[in-house]
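Some notes on the structure that comes next.
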């Protein structure tokens, strides 16, 4: 019986690891469809950003109540994993609570601490569901934000419910274990009462040993299979932020938010046009295949990592001046569209032996529309809001570059502005000779 | 100080006399051509004259920094303007620049270095704060703003883009007025609606204009003055007030104008 359980465990564990490995490989391959960009400079500054923003969750505490609830779930996720380690060892080795004899009295304290976290996670997830379903927090409502319709809305609820189920499983597993210890059941070595689950003992008062063992085993399997299933599910879900928040903050932009990425590839041409000495005379200019971005492969790999890191909380969209005044633009949708496009290309690669075959679609046009791009004021409110330093503005501006430079598709008034800039060096139609007229009364 | 007494030398004039200024005042297109913002330009030059800073302007040798072209997606036009400006600035050996436009400030400070233009760039709010800190300009007597409510509208390109939130507020504090904050301020400040090239096009279809949303917040503070530090914000807030028919009861002023008024320069 023990051996059968061990084999079953190994099979489930191995399958989960294999599935996760497949997904991680595919995701990293689609991220690497993006353009190279060096984000390895200033490692100590990057590390400190990651520690503050991802590990320390600094920006989540901009909204203290939600920040605290989220911190409980996050701490639970990190620390309960230590108990999962024990469960995996037990499962593989056919043992029960392998760490208990090693840690002695400290084991009971440790499990008690995990139980406090588990209860905290359970309550926090319940409150998160209340916020979604009953309080109807605006930024989370599909009825208010079209990008949340269907799968994204369901995904959010599935994750919260799964976490609640997992926490119930761990607490009731411990409760049944305690009841079995009290009965003196042979495999259940006494550990002393666990802090939270001992409150469940009255439930098990009149249960016989066989039923208790059955219950304990079901809860144990539910917990571990649930966790492994959750880990696989996460790689298909918006919930991937639990892993990607760390690299995403590490590789975040370090220049002031107002800085737009330069395009050195056109500087030589502009210098030649202006009759200026070029930076690298004698060298033929490397002309890029495309100015700006039409599809995900034209974006920086970091923008693509941003897309997979987004957990669709909608802080960006709720702060976006265009969105709040009823325009089509939603920065969250920009990130979700980018990920949807990456997922499509990932499937495309899988079906075509690892190569992307042109499907006649592109990020701009089939996912993101001109009207969305044109509504952006580049105010950086979305960038400021993101708790894990995702930058929707980078994508918007790259897509604008493609439309304007490759296709010359700009609103007529922008074309007039460009023309004024080129002929009068001002965005309005004034003569450059009049530029100093404001000081006409001066004494020099 | 009447405008006719203002000293506003150009870089060319200074160079001809073999002189160089402490700081170049970058006026910007709005400061040069927009009737309303020309008053801000003059107010700032009054302050520079009053404190006796050796400054100069480029005059007709200045061009747009290229910010609106770049944000609209036209990198060619941006680089044409930027490289032209950098050539002029480097020719005069400019080291330090002050400007009253956050868009010019952001572009000169953050984007010109990649194209070979390396300068110390200061926004006029920071510059004014430094003058106040150094005791070079300050309020004599109670000032005309005592007891009045002023609210400050954060420019995105000053605030979020470059982390400048306190300097403009410290300038306003010297006015002895009551500084009241809007619901969304500092890092959470709401855009006026003009950035990213929006100044030069009609807004996309929606249920409201951004500047109306913002001006409603400003009105809700009960302030009689909206202080701004950006030419685009000034246009948007003024238009918003007109739309709400509040242009007579609430005024929009730049920081430099408020200092000039308070000090009766």
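Residue numbers (our numbering), protein chains in the order written: chain A, 712 to 1155; chain B, 422 to 686.
We put the beta carbon where it would ideally sit given N, CA and C, even for glycine.
Can you find a CB in chain B that lies within less than 8 Å of the CB of residue i?
{"i": "residue 977 of chain A", "result": "yes"}
{"i": "residue 930 of chain A", "result": "no"}
{"i": "residue 1082 of chain A", "result": "yes"}
{"i": "residue 848 of chain A", "result": "no"}
{"i": "residue 1122 of chain A", "result": "yes"}
{"i": "residue 1088 of chain A", "result": "yes"}
{"i": "residue 753 of chain A", "result": "no"}
{"i": "residue 1138 of chain A", "result": "yes"}
{"i": "residue 1133 of chain A", "result": "yes"}
{"i": "residue 1049 of chain A", "result": "no"}
{"i": "residue 973 of chain A", "result": "yes"}
{"i": "residue 966 of chain A", "result": "yes"}
{"i": "residue 970 of chain A", "result": "yes"}
{"i": "residue 1036 of chain A", "result": "yes"}
{"i": "residue 1116 of chain A", "result": "yes"}
{"i": "residue 855 of chain A", "result": "no"}
{"i": "residue 1152 of chain A", "result": "yes"}
{"i": "residue 1092 of chain A", "result": "yes"}
{"i": "residue 772 of chain A", "result": "no"}
Suppose the cutoff is 8 Å on Cβ atoms and the five residues either side in sequence are ignored; what does the same chain contact list for residue i look like?
{"i": "residue 461 of chain B", "result": "452, 521, 652, 655, 675, 677, 678"}
{"i": "residue 848 of chain A", "result": "842"}
{"i": "residue 816 of chain A", "result": "903"}
{"i": "residue 909 of chain A", "result": "886, 889"}
{"i": "residue 616 of chain B", "result": "492, 524, 577, 578, 653"}
Starting from residue i, follow its DSSP beta bridges and name the residues at the other end.
{"i": "residue 675 of chain B", "result": "B:649"}
{"i": "residue 573 of chain B", "result": "B:648"}
{"i": "residue 477 of chain B", "result": "B:445"}
{"i": "residue 519 of chain B", "result": "B:446, B:543"}
{"i": "residue 601 of chain B", "result": "B:572"}
DSSP three-state call for residue i: helix, strand or coil?
{"i": "residue 838 of chain A", "result": "helix"}
{"i": "residue 428 of chain B", "result": "strand"}
{"i": "residue 459 of chain B", "result": "helix"}
{"i": "residue 936 of chain A", "result": "helix"}
{"i": "residue 976 of chain A", "result": "helix"}
{"i": "residue 666 of chain B", "result": "coil"}
{"i": "residue 544 of chain B", "result": "strand"}
{"i": "residue 1011 of chain A", "result": "strand"}
{"i": "residue 1072 of chain A", "result": "coil"}
{"i": "residue 848 of chain A", "result": "coil"}
{"i": "residue 998 of chain A", "result": "coil"}
{"i": "residue 440 of chain B", "result": "coil"}
{"i": "residue 1023 of chain A", "result": "coil"}
{"i": "residue 1161 of chain A", "result": "Residue 1161 of chain A lies beyond the stretch modelled for chain A, which goes from 712 to 1155, so this question has no answer here."}
{"i": "residue 1039 of chain A", "result": "coil"}
{"i": "residue 613 of chain B", "result": "coil"}
{"i": "residue 1058 of chain A", "result": "helix"}
{"i": "residue 1050 of chain A", "result": "helix"}
Step through the CB atoms of chain A and report whether any lies within less than 8 Å of the CB of residue i.
{"i": "residue 441 of chain B", "result": "no"}
{"i": "residue 628 of chain B", "result": "yes"}
{"i": "residue 572 of chain B", "result": "no"}
{"i": "residue 589 of chain B", "result": "no"}
{"i": "residue 582 of chain B", "result": "yes"}
{"i": "residue 484 of chain B", "result": "yes"}
{"i": "residue 638 of chain B", "result": "no"}
{"i": "residue 535 of chain B", "result": "yes"}
{"i": "residue 497 of chain B", "result": "yes"}
Enumerate in chain order the residues of its own chain whose CB-to-CB distance from residue i is below 6 Å, with the five nearest sequence positions on each side excluded.
{"i": "residue 638 of chain B", "result": "603, 604"}
{"i": "residue 1084 of chain A", "result": "1107, 1110, 1111"}
{"i": "residue 548 of chain B", "result": "519"}
{"i": "residue 840 of chain A", "result": "871"}
{"i": "residue 485 of chain B", "result": "450, 502"}
{"i": "residue 933 of chain A", "result": "880"}
In chain order, what residues of the same chain have a beta carbon less than 7 Å from the beta carbon of residue i, not counting five sequence neighbours either side?
{"i": "residue 1099 of chain A", "result": "764, 765, 952, 956, 959, 960, 1020"}
{"i": "residue 1046 of chain A", "result": "1017, 1018, 1021, 1101, 1103"}
{"i": "residue 429 of chain B", "result": "466, 478"}
{"i": "residue 1131 of chain A", "result": "1137, 1138, 1139, 1140"}
task: Go through the stretch 1068-1151 of chain A residue by residue and report every complete run of the alpha helix (DSSP H) that reaches 4 residues or more, in order.
output: If we require 4 residues or more, the alpha helix (DSSP H) runs fully inside the stretch 1068-1151 of chain A come out as 1074-1077, 1081-1085, 1092-1096, 1103-1112, 1123-1135.
query: For the stretch 742-775 of chain A, which segments carrying the alpha helix (DSSP H) assignment without a break, of at least 4 residues, lie completely within its bounds, in sequence order?
result: DSSP runs (the alpha helix (DSSP H)) wholly in the stretch 742-775 of chain A: 754-761.
Continuous alpha helix (DSSP H) assignments of at least 4 residues falling wholly in the stretch 792-840 of chain A: List check, alpha helix (DSSP H) in window: 811-814.
- request: Taking only runs that begin and end inside the stretch 897-956 of chain A, name each unbroken alpha helix (DSSP H) of 4 or more residues, in chain order.
  value: 920-945, all fully within the stretch 897-956 of chain A.
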